[in-house]
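Residue numbering for the sequence shown is 15 to 1265, as defined by the numbering used here.
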Amino acid sequence: MASPRLIPSNAVIHALRGILLTTSCAFVLVAEERRRRLYTAYAIVENARRLHHVRQCLACPESESEAVPSTSRRRRRHKTHKTAVTSDPDTTETTPATERKTSTSKRKPAPLSCSAKRPHHHSPSTIRPFSSLSSQQPVKETSLAITAASASSRDALNAIETAKAFLSGHGTIGMTYYDDALTSLLQLRYHLASPSQSPSTSAESIQLAATILKSMSALGPAPPDASSVLMRTGAKLLRIALRLRDEEAATSMVDSLLLLCRNPLRVFNAITDTMEKGGSTKYMEHALEILTSAARKLAPRDCTVIQKMLVQQKRSPAGFQGTKRFYEAMLIAGLFDRHKLWTTTEYEIRICMIVMAIQEGAQDLVRSEMLALQALSPDAHDADMKLHMSVAVWEAMTYQWESAFGRIRKLERLVYSDCREFQKLVRQVIDLFVRLGPEEHVDPVVRGFVARYRMRLRYKWVDRILDRHGQRRDEAMMLSWLQFCSENGLLMSDFVCKKFLAKCREYWCFSNKALKRLQSRLDQVRREHAEKNVEATGAHSGVITTVDKARKLRGRGGLLPALMAQIDAGVDPDIVIMHALKRVNDVHDVLFNKAARALAASGNLQAAADLCEAAAKVKGKGHPLYNRYIFTNLVFSYTVLLRYQSLGRLLDDFQSEVLWWRGGDVVKAALKYAMRVTAMRTADAGEDSRQAAEHRQALYRLAGALGHVKLCRANNEQRRRLSDGLVAIVKTAVVKEAAAGAKKRKTKDTLVQTMHAVTSDRLRRERHHEADVVVVGAGVFGCAIAFALANQGRSVLLLERRMAEPDRIVGELLQPGGMAALRRLGLGHCVDEIDAITCQGYHVLYRGQPVDIPYPPIEDDGDVACKWSGAAQEGKRPQGRSFHHGRFIMRLRASCLAHENITVVETEVTSLVSGEHSPQVLGVEARTTTDKSKGERRNDYYFGSLTIVADGYDSKFRRQVVADSKPQVRSKFYALELIDCPLPRTQFGLVVIGEAYPMVIYQIGTRETRALIDVPVGLPAASPAAGGVRAYIRDVAIPAMPPAMRPSAHEALADGKIPRSMPNSWLPASPQTTDGLVLAGDAFNMRHPLTGGGMTVALHDAILLADLLHPHNLPSGLHDAPSVRNALDAFYWRRKNCSSIINVLAQALYTLFAAEDRQLRALQLGCFEYFRHGMTDGPCALLGGILHQPSVLAYHFFSVAFLAIWLNAFVVVGSGPLAFLRLPLVLIDAVLILARASQVFLPLIWREGFR
């Protein structure tokens, strides 16, 4: 029998190991829990021991008492005794009466218990906020004030000793560190606030306070509960240091407080107050330097500290004036001049100040900040709709109409006129102009804006202008305005017609019978021409408005007795009206009329006249003829009071204009009564007296005014024209509405059919993989052509191998011509929200000498004024954009994904699918990944009437389409990404030539800058034996950069890796003969990326190809191979107007900038001098894709060649007696330079433009 095994099995061993591990972990957890509980108990005991001291230190007797909740402060007001308080900007002391001192006032400030430690000091269970500790027990403010005062006056040396003891005893950080630090600071502050301290003691105390704050700042920001107390105490100590003019202590405190506190407003307020008293600006400069240096490490959207301080200061008791003083102090200290802020941050700060200044009516500040914004960022300023909306509304409210309208016209050139924000801005300005603008200009201005911007009419505009024409009894203008409104979208409904009839009754005195007759005519027109469901919206609105007005009048009737009593008591009528306006929003004219009549009836005619004149000031802008009742009361009062001069001026104004109410019965009766009174006076005075002459003159003037009344009365001819005109307008409008209704129903039916077709096309693309067009490659050209064809109603399949964000080092600069093409395609929004940078031109650095080449101004017809020579100074300059290539591509793809006619598929196209009996391409074969984790793929087929291949510079299908398919590669671009790199000119691309091979440097983000360094193939300085590409970049390329950029370049090169590269290829376009296939984009045509024109060419090609394939130009459809072939032939030749110029420029400039012989170096110098002499508009317009004239390119290129010959002649001839002997050499060099220029240019222009 076999003996048992003594060796345990593997299962037993594993079980024993598990038991041992579990036991060990349990012991560790128990020990850790015990240690944590002991630590918590120790913290609780420490807090309890100091609890009764905390509130004495927190309940400050000065303005800092705001830390105590307002409710408890209100309760204590009833319990505390009165104290004598004296305050100044630096100290605020509370000195109680001596007879009310208690034993509590003799105690010293006790150590402060800071229970809010840093998170790693103790567990959260021991954290007890200062606010809770300070409100646990009720302590009177008087006792706290007495404590502080007595401690600061008697124990100065004790405060210094406490501070020294803290500094010597806290070499390490303990649980009581913040408690003891704040206690020491509070004692020093009370000591320094005492006026009886000696200068030496004050200097020592302030130095100790600065040292304590410095030691606290070494730990970083203070705990949240200690921050408010620390900031108040620190700000008060800083004020004292500034008052004592202790520069070292003040500077140290500024450093420490800005590091300790999250909201530095109190620090800046202390510095601002010192500057207002004549102090130095160095403290503000120092504080701003600390703040801006910290902000530069953040993204621009996170640099909001200064804006937050400005807004907080505005909400404080200091208000806007305090904010303005604070902002001006920062400007004096060089906020934007000496300190490097992000442009976005500076823009937002100035916007913040403009908005606050507009709210407060600070016109000078608004104007100065607007000018600064325009100089800072013209593009952002011009297109900032919210800013212009605020400023335009402010200008309109301050009657600056020309400026407001000019702002709108300027914005029109920068944004689409149907933009929602732009339309809102125009509506607000028109609202204000209709309400506040000159009445004679309201009609033409509203007409102009509505017609220009296709705006929807508001009825309050219509009603206001109808009222103006009706008041002047101008029936022609009234009908013209109504006709204009009908033609521009105003429905001639029952509501509008009844409103018009009400105005006819009011202004032309239509009788009830005439109104009924006119209403029946309108109803007959509607029955004959309108549809059955004629709109009758708002038919009762007029009744409601009338009832509302009656209610308002009844509600204000209570003011009449008050007005009467005040006027009878001799109160100034102006003051009475102002008080009445304060009580209600508006005082109705009926009240003035009643009050004036009551005063006149009581015999107080002078008071009645004064009341009417006051009403004219308030309601009529000082004009007494704004209301008929005021006019009649004034006529009566002036006549009875014998104020014939005032009566004469009033009657002259009355006869100066024809208004509807001037022909009314009320006016006629008033004038007749005045004539009777005057005639009776004339008869009583006798024939020869002086008074009789005055009476007769007044009588003649009244007679003239009565004659004017007859001119102002309406007649039957005017009423007839009004009635006929209204009927004709309504008839036209009803016919138009009926036609629009029929068209709307037809459009609805068409839309339903289109939706069914779209749904069918989508199912066809997704299920059967069939479409009108198959686009291979979702790059710049692929997305652009897919989007353009989809907008034409074509069904598009967009195939992309990898839908993740691409990471390329080229395709990051879009020229102005490309931006215009992008907007024309409807994809202009794709450069928004990707941190794109505005590009205004190029900054060329030739052997250390700079020259700017800005984009030229464009005239209204799109041409360049100085395309042959010179540079224009005025005009609107176009702008390009630079950005991360991947972000831009993802925005393009997102637009395609959102289009209903495009289906985007992530698949890898492997081959083309052709017909069995013809070479026509029918579609593509692809491999689609079904399971990424397993790497499973399936074969798919996608078919279309036309296949467009745009798969990039490394196209796998190029060889199947064109014969000359191999691109020429002369060099590579190696890329560095520089972080926070300063450029010599912001918003300008930098080109460095002369000392190394060309380098192109441009900003692609707020903080990122791309540096492309050209390295020719086979360059000895970049060979492995010479150290490779990294050695060439380090030793040759970076030293050629501006000195300020070199540290960022070295830092980008410090990762030890070879920078990413991209071959610089040249591939001229070739004719295509394969039916059903189009090769486009970089797969079809490439050029050197030195000039950044690749995307511009691609977008222009997309526009041209989409236009040639449009259903209007290709009615037979995409399946008609001969028609498509003719369209592609036209595409090949018509694209050369744009592509040949950019391609030739790219290759020719690279040949000049990478000069390898003496003739090319002479041409390189000639090119730089050509730009330096101001010949920039033409070349830059060609380079930016703005100008499409190859003749201009040839002119400028050979102008550079002849300038190079001239400059070379001076170099060769030199000076001296034998200089003329070198003339043959000059001629030889001239021939060689011209031949070299022709050798560079002519083959390029022939290959790109004529082959």
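Each residue gets a CB set at the ideal place from its N, CA and C atoms; glycine is no exception.
How would you label GLY292, buried or exposed, when you count the other beta carbons within 10 angstroms and need 16 or more for buried?
Your numbering for residue 292 matches position 278 in the sequence shown. GLY292 comes out exposed.
With H, G and I counted as helix, E and B as strand and the rest as coil, what does DSSP make of LYS986?
Translated into positions along the sequence shown, residue 986 becomes position 972. LYS986 falls in the strand class under three-state DSSP.
In this structure, does DSSP put SER979 in helix, strand or coil?
Position 965 of the sequence shown, counted from the start, is the residue given in the question as residue 979. Of the three classes helix, strand and coil, the one that applies to SER979 here is coil, per DSSP.
Check this for me: beta carbons of GLU1009 and ALA977, under 9 Å apart or not?
Along the sequence shown, read from residue 1 onward, the residue named residue 1009 stands at position 995. Along the sequence shown, read from residue 1 onward, the residue named residue 977 stands at position 963. It is not a contact, given that the beta carbons lie outside the stated cut-off.
Enumerated in chain order, which unbroken segments of the alpha helix (DSSP H) with a length of 4 residues or greater are wholly contained in the segment 299 to 363?
319 to 329 and 333 to 346
The segment 268 to 275 / the segment 228 to 244 touching (three or more Cβ pairs under 8 Å):
yes
Local conformation of PRO1193 per DSSP, three classes
Working through the sequence shown from its first residue, we reach residue 1193 at position 1179. DSSP places PRO1193 in helix when its eight states are reduced to three.
Whole-Å CB distance - HIS483 paired with TRP495, under 8 Å assumed
Counted from its first residue, the sequence shown places residue 483 at position 469. Counted from its first residue, the sequence shown places residue 495 at position 481. With a Cβ gap of about 6 Å, HIS483 and TRP495 count as contacting.
Name the DSSP beta bridge partners of ARG1024, please?
As a position in the sequence shown, residue 1024 is number 1010, starting the count at 1. For ARG1024, which the question treats as bridged, DSSP gives the partners GLU991 and TYR1016.
I'd like to confirm the pairing. Which residues does DSSP put opposite MET1100 in its beta bridges?
Taking the first residue of the sequence shown as 1, we reach residue 1100 at position 1086. Its beta-bridge partners are LEU1081.
Would you identify the three-state DSSP class for ASN953, choosing helix, strand or coil?
Here residue 953 refers to the residue found at position 939 of the sequence shown. The answer is strand: DSSP assigns ASN953 an E or B state.
Boundaries of the alpha helix (DSSP H) in which ILE823 is found, first to last residue
For the purposes of this step, residue 823 is taken as the residue at position 809 of the sequence shown. Careful: ILE823 lies outside any alpha helix (DSSP H) and carries neither H nor E.
Is THR961 closer than 9 Å to ALA940 when the C-beta atoms are compared?
Stepping through the sequence shown from its first residue, residue 940 is reached at position 926. Stepping through the sequence shown from its first residue, residue 961 is reached at position 947. Taking 9 Å as the Cβ cut-off, ALA940 and THR961 do not qualify as a contacting pair.
Looking only at its own chain, which residues have a Cβ that is under 6 Å from the Cβ of TYR860, when we skip the five neighbours before and after it?
Looking up residue 860 in the sequence shown gives position 846. Around TYR860: ILE1007, GLY1008 and PHE1182.
Going by DSSP, name the residue or residues bridged to MET1055.
As a working mapping, residue 1055 is identified with position 1041 in the sequence shown. According to DSSP, MET1055 bridges with nothing at all.
Please name the residue or residues paired with PRO868 in a DSSP beta bridge.
Counted from its first residue, the sequence shown places residue 868 at position 854. For PRO868, which the question treats as bridged, DSSP gives the partners GLY855.
Does PRO1231 come out as helix, strand or coil in the three-state DSSP assignment?
Within the sequence shown, the letter at position 1217 stands for residue 1231. PRO1231: coil per DSSP, three-state reduction.
DSSP state of ALA693 mapped onto helix, strand, coil
Numbered from its first residue, the sequence shown carries residue 693 at position 679. Helix at ALA693.
Assigned secondary structure, ALA1168 (DSSP; H/G/I helix, E/B strand, else coil)
As a first step, residue 1168 must be located in the sequence shown, where it is residue number 1154. Residue state, collapsed to three classes: coil.
I want to know whether the segment 1070 to 1082 touches the segment 1092 to 1109 - three or more CB-CB distances under 8 Å.
yes
For ILE320, which residues from the same chain have a beta carbon less than 6 Å from its beta carbon, with the 5 sequence-adjacent residues on both sides left out?
In the sequence shown, counting from the first residue as 1, residue 320 sits at position 306. The answer, listed in chain order, is ILE363.
Would you call the segment 786 to 797 and the segment 806 to 813 touching, i.e. three or more CB-CB distances under 8 Å?
yes
Kindly indicate which residue of GLY451, PHE41 and VAL405 has the alpha-carbon position closest to the one of ILE479.
Within the sequence shown, residue 479 is the residue found at index 465, counting from 1. Checking every option, the nearest Cα to that of ILE479 belongs to GLY451.
Please go through the same chain and pick out, in chain order, the residues whose beta-carbon is closer than 7 Å to the beta-carbon of VAL1029, but skip the five residues on each side of it.
What you label residue 1029 is simply residue 1015 of the sequence shown in a count that begins at 1. Same-chain partners within the cutoff: SER985, LYS986, TYR988, TYR1011, ALA1036, VAL1043 and TYR1046.
Measuring only between beta-carbons, confirm whether ARG280 sits less than 9 Å from chain D.
Absence of chain D from the displayed structure is noted, only one protein chain being present.
LEU471 to TRP522, Cα distance in whole Å?
Walking along the sequence shown from the start, residue 471 turns up at place 457. Walking along the sequence shown from the start, residue 522 turns up at place 508. Roughly 26 Å separates the two Cα atoms.
Comparing alpha-carbon positions, which option in ARG280, ARG246, PRO213 and ASP287 lies nearest ASP260?
Working through the sequence shown from its first residue, we reach residue 260 at position 246. That would be PRO213, whose Cα lies nearest to the Cα of ASP260.
Bridge partners of SER1075, per DSSP?
Here residue 1075 refers to the residue found at position 1061 of the sequence shown. Answer by DSSP bridge pairing, in chain order: TYR988.
Compute the Euclidean distance between the alpha carbons of MET403 and VAL369, then round it to the nearest angstrom.
Here the question's residue 403 lines up with position 389 in the sequence shown. Here the question's residue 369 lines up with position 355 in the sequence shown. Each residue's Cα considered, the two are about 11 Å apart.
Quick check on the DSSP output: the beta strand (DSSP E) that includes ALA785 runs from which residue to which?
The residue you call residue 785 lines up with position 771 of the sequence shown. Here the beta strand (DSSP E) through ALA785 covers 784 to 790.
Bounding residues of the alpha helix (DSSP H) (the contiguous stretch that carries GLU489):
The residue given as residue 489 occupies position 475 in the sequence shown. It spans 489 to 501 - the alpha helix (DSSP H) in which GLU489 sits, taken as one unbroken run.
Based on Cα-Cα distance, which residue from ARG838, ASP954 and ARG907 lies nearest to ILE1117?
For the purposes of this step, residue 1117 is taken as the residue at position 1103 of the sequence shown. Minimum Cα distance to ILE1117 is reached at ARG838.
Touching or not, the segment 987 to 1001 and the segment 1113 to 1128, by the rule of three or more beta carbon pairs under 8 Å?
no
Quick test of your reading: MET323 and PHE282, contact by CB under 8 Å. State the CB separation rounded to the nearest angstrom.
Position 309 of the sequence shown holds residue 323. Position 268 of the sequence shown holds residue 282. Their Cβ separation, rounded to whole angstroms, is 6 Å, which keeps MET323 and PHE282 in contact under 8 Å.
Pick helix, strand or coil for PRO1030, following the three-state DSSP scheme.
As a working mapping, residue 1030 is identified with position 1016 in the sequence shown. Reduced to three states, the DSSP call for PRO1030 is strand.
Hey, out of VAL456, PRO996 and TYR1016, whose CA is closest to PHE1002's CA?
Numbered from 1 along the sequence shown, position 988 holds the residue referred to as residue 1002. The shortest Cα separation from PHE1002 among VAL456, PRO996 and TYR1016 belongs to TYR1016.
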